[in-house]
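Residue numbers (my numbering): 4 to 321. Report on the structure given below.
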Amino acid sequence: LHVKRHSFPTRRSSDLLAQGRADELLSLLCLARPLNAGGATCPLLLAPAMNREMWSHPATQRNLAQVVADGAVVLGPGHGDQACGEVGDGRMLEAEELRDELIAFFQPKVLAGQRVLITAGPTFEAIDPVRGITNLSSGKMGFAIARAAQEAGAQVTLVAGPVHLPTPRHVRRIDVKSAQQMHDAVLPLAAQHSVFVATAAVADWRPASSADQKIKKDGSGRMPTIEMTENPDILAAVARLADRPYCVGFAAESHDLARHARAKLLRKNVPLVVGNLGPATFGRDDNTLLLVDAQGDRELATADKLSLARELVREIAS
Ligand code: C5P
């Protein structure tokens, strides 16, 4: 990994690499690394860092295309302020971004070529312009699955309810609020995906109508009656499609996890349900999962949500 940040890059590594030159230590090491020695390959990842004009110059792009054709992987570059004072493409990715790209690079590509659709987070069902019904789902599990699926080589679409989480890298995100909006975003996309993971904690009911203005106290001491109506079941609707993707449901329960998860498997007619205890995991960074399918139950022991998401992705892939 060649990091040149604030120096004036008189020789860009991609140019030296494109020509197969070995007249300095770094390009020599890159040239001498095993490409396929007895099955051992040494990947080469490049993090370009240069001025926007240099980056877009045909000579740079030509050499870069050559280096990529020779098997190198290019991370970034980013966009924004540059050391010279200009603004544009060519910034080295942030250290944290490079770390995540490196970790992702080394994940097994068990979902290469697959398209994965994921719902995550709670939904928000408006009562009036300032109030609504929601739940304690943080979206962390669904976002971790989106990241794990992307790292495993899938093209990922993430339909997210109202959450405060950054979008995993290279994941396409669609923000929604209510269950109906989530349904309307998911249904037209479902058949274009090979896997659907319904992690979202979708509200089962919504107010039959949302007031245009804030509902005021009327002095009676009683809360006004709010008539509720059932929301569409997104997972069941996707599972009913003729060309349905492989569907994974979640069961967030407070008790009797195995029994409720198996009931959901049958009721929603999906091949895999992942059970977890809602109160024990909502908002937390770790979780314990129970995989329930036709073969039986299998627990994934308590771990951070990203590790569990990677295990789940391997399970889905197999
Ligand atoms: O119906 P229930 O909430 O018990 O089932 C939970 C599973 O169904 C989760 O995978 C959840 O994302 C999904 N679900 C849904 N649409 C709903 C309710 C639940 O997709 N309206």
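In this text, a Cβ means the ideal position worked out from N, Cα and C, and glycines have one as well.
Asked                                                                                                                 : Found
Expected contact under 8 Å - CB spacing of V162 and T122 to nearest Å                                                 : 5 Å
Through-space distance from V159 to A152, alpha-carbon basis                                                          : 7 Å
According to DSSP, residues forming a beta bridge with M231                                                           : P210
Check: F127 C-beta below 6 Å from any heavy atom of ligand 1                                                          : no
Alpha-carbon to alpha-carbon, K112 and P169                                                                           : 23 Å
Neighbourhood of A182 by C-beta distance below 6 Å, restricted to the same chain and skipping five residues each side : T126, V205, A206, N234
Bridge partner(s) assigned by DSSP for L280                                                                           : E256
Meets three-Cβ-pair contact criterion under 8 Å: the stretch 225-244 and the stretch 185-205                          : yes
4 or more residues per run - each alpha helix (DSSP H) lying fully within the stretch 57-82                           : 61-72
Bounding residues of the alpha helix (DSSP H) (the contiguous stretch that carries F331)                              : Limits of the chain in this structure are 4 at one end and 321 at the other, which puts residue 331 out of reach.
Where P51 falls, given that 16 or more other Cβ within 10 Å makes a residue buried                                    : buried
Given L96 as reference, the closest of L48, L269, V198 once Cα atoms are compared                                     : L48
Proximity test, V205 beta-carbon vs ligand 1 heavy atom, cut-off 6 Å                                                  : yes
Nonlocal neighbours in the same chain, by C-beta distance under 6 Å from S10, ignoring five residues either side      : Bear in mind that a pLDDT of 47 at S10, under 50, signals an unreliable position, so the number given afterwards is only what the model happens to contain. Same-chain partners within the cutoff: there are none.
Whole-angstrom C-beta distance between L34 and A25, which should lie under 8 Å                                        : 5 Å
C-alpha distance - A98 paired with E104, whole-angstrom precision                                                     : 10 Å
Cβ-Cβ separation, L309 to E302 (assumed contact under 8 Å), whole Å                                                   : Between L309 and E302 the Cβ distance is about 18 Å, and since that is not below 8 Å, they are no contact.
8 Å contact criterion, which P248 and S197 should meet: CB distance rounded                                           : 5 Å
Cα-Cα separation, P61 to P80                                                                                          : 16 Å
Beta carbon of A21 nearer than 7 Å to that of N66                                                                     : yes
Per DSSP, cross-strand counterpart(s) of L293                                                                         : G278, E302
Coil, strand or helix - E128 by DSSP                                                                                  : strand
Cβ-heavy atom distance, G281 to ligand 1, below 6 Å                                                                   : no
G252 CB to nearest heavy atom of ligand 1 below 6 Å                                                                   : yes
Residues that DSSP places opposite V90 in a beta bridge                                                               : D84
Check: N290 C-beta below 6 Å from any heavy atom of ligand 1                                                          : no
Rounded separation between R265 and F146 - CA only                                                                    : 24 Å
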